[in-house]
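Encoded as structure tokens, the structure appears first; notes follow it.
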Amino acid sequence: MAKLTYLLLALATLVAFATAQTTIITTTIDDENPISEQRQCRQRLQGQRLNQCRMFLQQGSRTPFEAENPQMGQQQEQELLQQCCQQLQNVEEQCQCEAVKQVFREAQQQPHYQHQQQQHQQQRRQQQQRGQFGGQEMEIARRVIQNLPNECSLEVQQCNVPY
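Residue numbers (mature numbering (1 follows the signal peptide of the UniProt record, and there is no 0)): -20 to -1, 1 to 143.
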């Protein structure tokens, strides 16, 4: 009888081990905090020169009436675009959108754009009251800069540039 009990106990233990499952729990820490990533990109971009992009933005946001020689302006604009794209492609992929936004922010700090922005905000308020929306140089610059990732064939295809 004792032998039978040991045999049944051994059999039950064997069945228990055979049906036991191992559960592995993996904890993943999501380190993609967009705010800290943005901050890191801004720090990395501080030393980088994006002059060609700023010049392209200034050139590209002029209205056709402002260009002295439209044909020469288009050629210069294309050259600046190529140089700007080269500068942006030299930026780390995860910081390219932040670089585009930085160019826009820096352009907003230029006295010419600050004046335009003040006029634009005042005009925009008036137009919103009338139910109209309009652009000016700042709005053109914003559209130009938002289209840069696409024109430069960057990995990031869209950057939302706030006003």
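Heads up, the beta-carbon is just placed ideally off N, CA and C, and yes, glycines get one too. Please read these numbers as outputs of a predicted model, since none were measured by experiment.
Whole-angstrom distance between glutamine 56 and asparagine 70, CA atom to CA atom:
Walking along the sequence shown from the start, residue 70 turns up at place 90. Walking along the sequence shown from the start, residue 56 turns up at place 76. Their Cα atoms are separated by approximately 21 Å.
Less than 9 Å separating the beta-carbons of glutamine 67 and glutamine 28?
For this step, residue 67 is matched to residue 87 along the sequence shown. For this step, residue 28 is matched to residue 48 along the sequence shown. Yes; because the gap between Cβ atoms is below 9 Å, this pair is in contact.
Return the residue from the list Gln82, Pro129, Val136, Gln89 that minimises the CA-CA distance to glutamine 26.
Walking along the sequence shown from the start, residue 26 turns up at place 46. The option with the nearest alpha carbon to glutamine 26 is Gln82.
Quick check on glutamine 138: does DSSP put it in helix, strand or coil?
Start at 1 with the first residue of the sequence shown, and residue 138 comes out as number 158. DSSP places glutamine 138 in coil when its eight states are reduced to three.
Candidates Gln32, Met118, Ile120: which alpha carbon is nearest alanine 79's?
If you number the sequence shown from 1, residue 79 lands on position 99. Among Gln32, Met118, Ile120, the Cα nearest to that of alanine 79 belongs to Gln32.
Between which two residues does the alpha helix (DSSP H) harbouring glutamine 76 extend?
If you number the sequence shown from 1, residue 76 lands on position 96. Start and end: 76 to 89.
Cα-Cα separation between leucine 134 and glutamine 54, rounded to whole angstroms:
Counting from 1 along the sequence shown, the entry for residue 134 is found at position 154. Counting from 1 along the sequence shown, the entry for residue 54 is found at position 74. Each residue's Cα considered, the two are about 22 Å apart.
What did DSSP end up calling valine 124 once you bin it into helix, strand or coil?
Stepping through the sequence shown from its first residue, residue 124 is reached at position 144. It is helical.
Cβ atoms of phenylalanine 84 and glutamine 63: under 9 Å apart, would you say?
Against the sequence shown, residue 63 aligns to sequence position 83. Against the sequence shown, residue 84 aligns to sequence position 104. Not closer than 9 Å, so no.
For my contact list, cysteine 21 and glutamine 74 are in at a C-beta cut-off of 8 Å; report their separation, rounded to the angstrom.
Along the sequence shown, read from residue 1 onward, the residue named residue 21 stands at position 41. Along the sequence shown, read from residue 1 onward, the residue named residue 74 stands at position 94. Contact flag correct, Cβ pair sits at about 7 Å.
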